[in-house]
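Novice: Adding 196 to a residue's 1-based position in the sequence shown gives its number in my numbering. Each residue gets a CB set at the ideal place from its N, CA and C atoms; glycine is no exception. Note that the structure is a prediction, hence the values are computed from the model and not measured.
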Amino acid sequence: MQPESVVLYHVRMPLQHAFVTSTGGRQERDAIIVEVRDRDGFIGWGECVAGWEPRYSEETVHTAWSVLERFLIPILLERTWKHPRDFARAVAWVRGHPMAKAGLEMALWDLYGKHRNQSLKDLLGGVRNRVPVGVSIGIQPTPEDLVKRVAHFVEQGYRRIKIKIRPGRDLGDVQAVRRAFPDLPLQVDANAAYTLETARERLRALDDYNLLLIEQPLAHDDLWDHRALQRELRTPLCLDESIRHPRAARQALEMGACRIINIKQGRVGGLSEAVAIHDVARERGAPVWCGGMLETGIGRAANLALASLPGFTLPGDISATERYYARDITHQRFTLNEDGTITVPQGPGLGIQVDREALAHYTRFAQRWP
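1) Could you check the C-alpha separation between Leu-307 and Met-295 for me, to the nearest Å?
2) Which residue's Cα is closest to the Cα of Gly-493: Arg-552, Gly-481, Ile-439?
3) Looking at the secondary structure, which residues open and close the beta strand (DSSP E) in which Val-464 lies?
4) Just to confirm the assignment, what range does the alpha helix (DSSP H) spanning Asp-282 have?
5) Along the chain, where does the alpha helix (DSSP H) that runs through Gln-501 open and close?
6) Please name the residue or residues paired with His-206 in a DSSP beta bridge.
7) What span of residues does the alpha helix (DSSP H) with Asp-369 cover, start to end?
8) Closer than 6 Å by C-beta to Thr-517: which residues in its own chain qualify, once you throw out the five before and the five after it? Chain order, please.
9) What residue range does the alpha helix (DSSP H) around Thr-579 cover?
10) Please confirm if the stretch 255–265 is in contact with the stretch 283–293, defined as three or more CB-CB distances below 8 Å between the two stretches.
11) At what residues does the alpha helix (DSSP H) containing Gln-447 begin and finish?
12) Quick one: Cα of Asp-318 to Cα of His-474, how far?
13) Can you look up Ile-239 in the DSSP assignment and give me helix, strand or coil?
14) How big is the Cα-Cα spacing for Met-568 and Gly-353?
15) Taking the C-alpha atoms as reference points, what is the distance between Lys-368 and Ala-388?
16) Output the boundary residues of the alpha helix (DSSP H) element that contains Gly-299.
17) Apart from the five residues just before and just after Gly-413, which ones in its own chain have a Cβ nearer than 8 Å to its Cβ?
18) Below 9 Å between beta carbons: does that hold for Ala-500 and Thr-526?
19) When you compare only the Cα positions, how much space is there between Gln-336 and Asp-366?
20) DSSP three-state label for Val-550, please.
21) Give every residue of the same chain whose Cβ lies closer than 8 Å to the Cβ of Ile-548, excluding the five residues on either side of it in the sequence, and list them in chain order.
22) If you count every other CB in all the chains shown that lies within 10 Å of the CB of Glu-491, and 16 or more means buried, which is it?
23) Identify, in the order they occur along the chain, each residue of the same chain with its Cβ nearer than 8 Å to the Cβ of Arg-281, setting aside the five sequence neighbours on each side.
24) So does the stretch 228–240 actually touch the stretch 438–457, counting three or more Cβ pairs closer than 8 Å?
25) Are Ile-229 and Leu-204 closer than 9 Å when you measure CB to CB?
26) With distances taken between CB atoms, is the gap from Trp-248 to Arg-266 smaller than 9 Å?
27) Could you tell me the distance, in whole angstroms, from the CA atom of Leu-435 to the CA atom of Glu-397?
Set out below in structure tokens:
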């Protein structure tokens, strides 16, 4: 693959419903869409999931754009690439900025699949044509509103529900959902809202509610205190923000900081690193699942392919297109099957076609290199 040009699109897309977590709420979603054209006329698409504000991550659309422009795109355009993993290795010297790296690498994976006429699922080693999915529900105004929202998605056929929690909106919300749905596969996500002391006080009671897991209760970069907390809880802890690379995954599992890992390809620097973390967890018998970042159809297609790997044994936060967007930027609209799964794209590369009219509609700024 010999990339000839790159176009970045800063898009802002309205969400169907406001999404509220312990770090704040949003009604719109910003992202960078990456278009890479090579000398053979193929086009690869990627999605950088950095948001408008540095809440979930230190990266934003502005920091990612700067790193892409100044460092990553020049590296991409100066060489011929045999495999997307070669690019991941070539930019390893750039410290941090995993979302910027992941967006560009995704476009290379799409190109690579189109050159070889293979789906991303097959290139990554996926084994499923359908993957089980769940849905993530933000903090609602009241526990009663939350139960209604959960009921809405259960009726749609989602296999698993995740609810966001924070101090003061934890035990009561879980109790309300459990009373209404005693057998529902349920998990909670704190997005690093607790300290070790407040977690001990607030989260021990959650052991009585048969949760699949408690996700990232402590600081976004912590392993040690999660180790202490996991020793005091029967419910498995799952780490998200703390797992930035395969080394952190190995350390977390070896020290007992968690029993489950949430893998987001954007958070860890791309699909190559995501597969490596999957392999680390699988070697140690730890289940993984695919987290979501409110992706467009581009990133959603990549997530589905990733979640088809054998170690992804828990339903992912992938969800149908209509969960987030009335109009997407791909012609494909991913829908929920009757068995609570979504079908993995089978076409070459990501297996999607970009709706350029919709892309133009949502684009706030675009730039082409060279």
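Specialist: For this structure:
1) 19 Å
2) Arg-552
3) Taken as a continuous stretch (DSSP letters only), Val-464 belongs to no beta strand (DSSP E), being part of the alpha helix (DSSP H) at 461–464.
4) 280–286
5) It should be noted that the sequence gives Ala, not Gln, for residue 501. Start and end: 493–503.
6) Ile-228, Phe-561
7) 367–376
8) Asp-524, Arg-529, Phe-530
9) There is no way to answer for residue 579, as the model of the chain reaches only from 197 to 566.
10) yes
11) 442–451
12) 16 Å
13) strand
14) Nothing can be reported for residue 568: it is not among the residues displayed for the chain, which extend from 197 to 566.
15) In the sequence on display, residue 368 carries Gly and not Lys. Computed Cα separation, rounded: 19 Å.
16) 294–312
17) Rather than Gly, the amino acid found at residue 413 in this sequence is Pro. So the qualifying residues of the chain are Ala-386, Ala-388, Ala-389, Tyr-390, Ala-395, Leu-399, His-422, Leu-425, Leu-433.
18) Residue identity differs from the one stated: residue 500 is Leu in this sequence, not Ala. Contact: no.
19) 12 Å
20) strand
21) Trp-241, Gly-493, Ile-494, Ala-497, Thr-526, His-527, Gln-528, Pro-541
22) buried
23) Ser-468
24) no
25) yes
26) no
27) 20 Å
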